[in-house]
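Residue numbers (the working numbering): 18 to 181.
Beta carbons: idealized from backbone N, C-alpha and C, even for Gly.
From a predicted model like this one, the values you see are computed outputs, not experimental measurements.
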Amino acid sequence: MKQPKADVIFREVQDLRNNFFLVSVLYPALLLWYIEIHSLIFGRPAGINNIPETYLFALWIVFGLFFPFMLYCTKHITEVRSDGIYVRLVPLNLSSKKIPLHVVEDCKIKVYDPLTGKESDVSQFSKKVSPVVILKLISGEKMLLSSRKPEELCSAIKQATAEY
18 MKQPKADVIF REVQDLRNNF FLVSVLYPAL LLWYIEIHSL IFGRPAGINN
68 IPETYLFALW IVFGLFFPFM LYCTKHITEV RSDGIYVRLV PLNLSSKKIP
118 LHVVEDCKIK VYDPLTGKES DVSQFSKKVS PVVILKLISG EKMLLSSRKP
168 EELCSAIKQA TAEY
């Protein structure tokens, strides 16, 4: 017996393409593309000696094709439904991680600096860090939810917990 799908109150899809990931994935990809093209034209890899062609081909497949494709396709999906909060990293997670509404005690918007681990109010907002939604669970743990629209996400969570 299948459960009926709960009503979606809020849904946000974020692409994870920022400059740091772009440079860290595309630099090795471009380097391996250059090596593969050079080996096809001149018959030997550029600047690399004693490495079999099959290893270079495998590196090109992994770092030249697979990682850039994964970077392009990866999305972070956050949904607030009438029965819980669902978080999913597509295509790495096959199903969503559900946070039941009955375990959410409080929901606040704060500014969180990942380098120092400090939280501060949104009024002390600096351009280095962006506001996040902090969920306080009944177990005492805190959970951070990143969002480009933290006000809408927090109000949707509060609305869903009030209706629950």
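| Query | Result |
| --- | --- |
| Span of the alpha helix (DSSP H) around Glu169 | Pro167 to Glu180 |
| Contacting residues, own chain, Cβ-Cβ under 8 Å from Lys175 (five flanking each side not counted) | Cys124 |
| Contacts around Leu10, its chain only, beta-carbon distance under 7 Å, and the 5 residues preceding and following it disregarded | Because the chain here runs from 18 to 181, residue 10 falls outside it and cannot be looked at. |
| Contacts around Asp32, its chain only, beta-carbon distance under 7 Å, and the 5 residues preceding and following it disregarded | Lys92 |
| Cα-Cα separation, Gly81 to His119 | 45 Å |
| Assigned secondary structure, Asp32 (DSSP; H/G/I helix, E/B strand, else coil) | strand |
| Proximal residues to Leu106 (C-beta, below 6 Å), its chain only, five neighbours per side dropped | His93 |
| Test item: CB-CB of Pro85 and Val42 under 7 Å | yes |
| As assigned by DSSP and simplified to three states, the class of Thr71 | helix |
| Neighbour-count burial assignment, Phe27, 16 or more Cβ in a 10 Å radius | buried |
| For Glu136, the three-state DSSP class (helix, strand or coil) | strand |
| Where Thr133 falls, given that 16 or more other Cβ within 10 Å makes a residue buried | exposed |
| Beta-ladder partner(s) of Val40, from DSSP | Beta-bridge pairing links Val40 to no other residue. |
| Given Pro148 as reference, the closest of Glu96, Pro117 and Lys135 once Cα atoms are compared | Lys135 |
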